[in-house]
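First the structure, in the form of structure tokens, and then the observations on it.
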Amino acid sequence: MNKKTDLEESSLTKVIDDISEGLNDAGTVFNSEETPVIEESTGKEAVRYLLWGLLSVIVNFGAFFIFYRVVHLNYQFANVIAWFLGVQSGFWVDRIIVFRHKSNTAFREMLAFYGTRVLTFLIESATLWIGISLLSANGTGAKIVGQLLAIIGNYVLSKFFIFKNKN
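Position 157 of the sequence shown, counting from 1, maps to 157 under full-length UniProt numbering, and the rest follow consecutively.
Below, the structure is given as structure tokens:
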């Protein structure tokens, strides 16, 4: 009986050693070394930002329209919901497609992304407040002006602070 136990232990030990060796050979999933960055023209990046950024604008406008016009929520509350949904979709599009940024710090970048978006959200909210509450303008028109200001600010902040690639 002792021989059988020894045989089982040696088989188990061999399996564990084989698995460990395979894991060690596989290397890390996320390479901690920086990969060389190929510089790309800012113009191409800006075009990608505008084209792919339309996705987050559509999410933002769609959510705003639904919550403001259909559900009849207060315009500021509708804007908060629209902002959150637009920023979340924008983060992943910007990170993966627009700036082609690779790092192991996605969560930290997401926090920074939201932080900079708070600034442009305040600009957009002020634009809505001025347009709707003070000037009695159309909510959609005020939203367009606010979005244009936010888009410009978002690109600059993303390019130079969030997704800047280090050489």
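Idealized CB from N, CA, C, for every residue including glycine. Note that this is a predicted model, so its numbers are computed, not measured.
Own chain, CB closer than 7 Å to residue i, minus 5 neighbours either side, in chain order
| i | result |
| --- | --- |
| Asn74 | none |
Euclidean distance between Cα positions of residue i and residue j
| i | j | result |
| --- | --- | --- |
| Lys143 | Val71 | 17 Å |
| Val47 | Gly139 | 28 Å |
| Trp83 | Asn60 | 6 Å |
| Ser136 | Leu50 | 30 Å |
| Val87 | Leu134 | 27 Å |
| Gly115 | Ile132 | 26 Å |
| Arg95 | Thr120 | 18 Å |
| Leu122 | Phe65 | 19 Å |
| Phe67 | Gly90 | 20 Å |
| Leu54 | Asn154 | 13 Å |
| Lys102 | Phe160 | 15 Å |
| Val156 | Ile130 | 24 Å |
Sequence-distant residues of the same chain with beta carbon closer than 8 Å to residue i, five excluded per side
| i | result |
| --- | --- |
| Leu128 | Tyr75, Gln76, Asn79, Gly139, Ala142, Lys143 and Gly146 |
| Val57 | Gly86, Gln147 and Ile151 |
| Trp52 | Val93, Asp94, Ile97 and Val98 |
Exposure label - residue i; buried when at least 16 CB within 10 Å
| i | result |
| --- | --- |
| Ile152 | exposed |
| Arg117 | buried |
| Ala63 | buried |
| Asn104 | exposed |
| Gly43 | exposed |
Residue i vs residue j beta-carbon contact at 8 Å
| i | j | result |
| --- | --- | --- |
| Ala150 | Glu124 | yes |
| Ile162 | Phe113 | yes |
| Glu45 | Val93 | no |
Residues of its chain near residue i, where Cβ-Cβ distance is below 6 Å and the 5 sequence neighbours each way are ignored
| i | result |
| --- | --- |
| Met110 | Phe91 |
| Ser158 | Asp94 |
| Lys164 | none |
Item checked: Length at least 4, wholly inside the UniProt domain "GtrA/DPMS transmembrane" (48-163): the alpha helix (DSSP H) runs in chain order -> As far as the UniProt domain "GtrA/DPMS transmembrane" (48-163) is concerned, its whole alpha helix (DSSP H) runs of at least 4 residues are 75-93, 106-128 and 139-157.
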